[in-house]
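This report refers to the structure that appears directly beneath it.
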Amino acid sequence: MVSYDKFKSLTDKQKEEIKCLVDEVHKFDNTKKDPYLSNQFNYYPDMPAFIVARENEKMIGFLMLYADGEPNESVDVFLIVSPKMRKQGIGTKLWQIGRAILREYGYKQWEFISEGGFLDANPLFLNKLCLLADPEPEYQMRLSQKSQRLEKIQKDLKIRSLEKSDILAIVPIYIEAFPDSSAKEAQTYLTMGLADKNNRNFVLLFKDSAVGCCSIDISSKEEYYLYGLFIAKNFRNKGFARTFITAIVEYFEESKESQKTFVLAVDGSNTAAFHLYKKLGFEIESKVYYLSEVN
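Taking the working numbering, I'd label the letters of the sequence shown as residues 771 to 1065.
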C-alpha cells in the first residue's frame, strides 16, 4: 500500500532519500535538474511544500512546491515517480494533494518542471496530460575546470562576503534587476539567503560600493549552484558580471573547500547572459521546460 505524507521542511535523512530517488529518475529519463529542497523562500512558511510517496517505507515518489510569490503569482511544481512505479496513479495522487494545498493557500497558477530529455523520449506526454510547454526553454549550464575560460579580474573590482549591513543598500539594486519584486520581498530574499548555512553570498564592489550580488548553494556534494546574480543598472554591459563570476570561481578554487563543478540556470530569452556564460566556458547540459495546463 502506498502512503503519502506532507512536510513543511525536510530532515537531512529525507533529503538523502530524495537525492537517491532523483538520481534514479535522472539516469532513466536523461534529465539533470535537481529540486530545491528548502522552503525558506516560500511566501507562506507554514505551507506544506513537500509530499512524499512511500511503499513499504521506500520512497517511490516526490513532489515539491516552490511558491516564493504571493497567491496571485505562479508556483513551480517538481514531481517525480520512480521509473519502476509509474502508470499506477502515484503521480496523479501526489498532484491531487499538492493542488489541494495550493488552493488552500489561495494559489491558482502553477507550472510543472520538465526537461528536453524526458519530453523527447515521451512525445505523447504533453497531449495526453493536456499540457503546454513554454516555447523558450531555460538552459541548465555547467562549468568544469576543463571547460572554463575565465578572464582577468578588473583591478577596480573586488568581491567579499555579503554582510547584514549590506542588505538595505542592495535592495534597490535587486528591485532594478527583478522589477516584479517589492522592497519587502527583496529584503526577505536577501536576509533568508544570508542566514542559510548552505549558502555563500557575495557582493561585488566598485570603489568600495556594492554594485552587485550573487549567491552560491553549496549543499550538494557534487556541485556549486550559482543563482541570484544581479548587477546595478548603471554598471551593466561593462564586464562587471564576467568579473564577478570569475572572482567567485577563483575564490572557491583557492579555498580549502572541495572542488566541484559550477551549475546555473538561464532563461533562453536572456541572450546576453547566455552568451556571457558560454564565453566563460559554461556548457548546456539540459533544456528545462515549464509546463502549463491547457484549459
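For every residue, glycine included, the Cβ atom is placed at its ideal position computed from N, Cα and C.
Hey, quick one: how far does the beta strand (DSSP E) through R912 stretch, first residue to last? E908 to L913
Under 8 Å, do M817 and I871 count as touching if we go by C-beta distance? yes
Residues in the same chain with beta-carbon distance under 6 Å from I986, minus the five sequence neighbours each way, listed in chain order, please. R970, Y994 and L996
Can you find at least 3 beta carbon pairs, one from the region 927-936 and one from the region 901-914, that sit closer than 8 Å? no
Assigned secondary structure, E992 (DSSP; H/G/I helix, E/B strand, else coil): coil
For E1020, the nearest candidate out of P907, L999 and I923 (CA to CA): I923
Roughly how many angstroms lie between the CA atoms of V792 and K925, to the nearest whole one? 42 Å
Give every residue of the same chain whose Cβ lies closer than 8 Å to the Cβ of R919, excluding the five residues on either side of it in the sequence, and list them in chain order. K1049, L1050 and G1051
For V847, the nearest candidate out of L807, E794, N1007 and P893 (CA to CA): L807
Assign A834 to buried or exposed, taking buried as 16 or more other Cβ atoms, counted over all protein chains shown, within 10 Å of its Cβ. In the sequence as presented, Ala is not what sits at residue 834; that position holds Met. With 16 or more other Cβ atoms within 10 Å, it is buried.
Could you spell out the range, first to last residue, of the beta strand (DSSP E) harbouring Y1059? E1053 to E1063
Limits of the unbroken beta strand (DSSP E) element including K828: K828 to Y836
Status (buried if at least 16 other CB within 10 Å, exposed otherwise) for V941: buried
Do you know offhand how far K776's Cα is from R873's? 15 Å
Can you give the Cα-Cα distance for E906 and R1012, rounded to whole angstroms? 24 Å
Between E946 and the rest of its own chain, which residues show a CB-CB distance below 7 Å, the 5 nearest in sequence each way excluded? A1002 and K1003
Can you tell me whether A819 is helix, strand or coil according to DSSP? coil
In the structure shown, what three-state DSSP assignment does E885 receive? strand
Terminal residues of the alpha helix (DSSP H) in which T958 lies: A953 to A965
According to the Cβ coordinates, are L1061 and F811 closer than 8 Å? no
Quick one: residues in its chain with C-beta nearer than 8 Å to the C-beta of F1014, no 5 flanking neighbours on either side, listed in chain order? L927, I929, F972, L974, G982, C984, L999 and I1001
For S935, which of helix, strand or coil comes out of DSSP? helix
Along the chain, where does the beta strand (DSSP E) that runs through I871 open and close? I871 -> not in any beta strand (DSSP E); alpha helix (DSSP H) instead, spanning I860 to E874.
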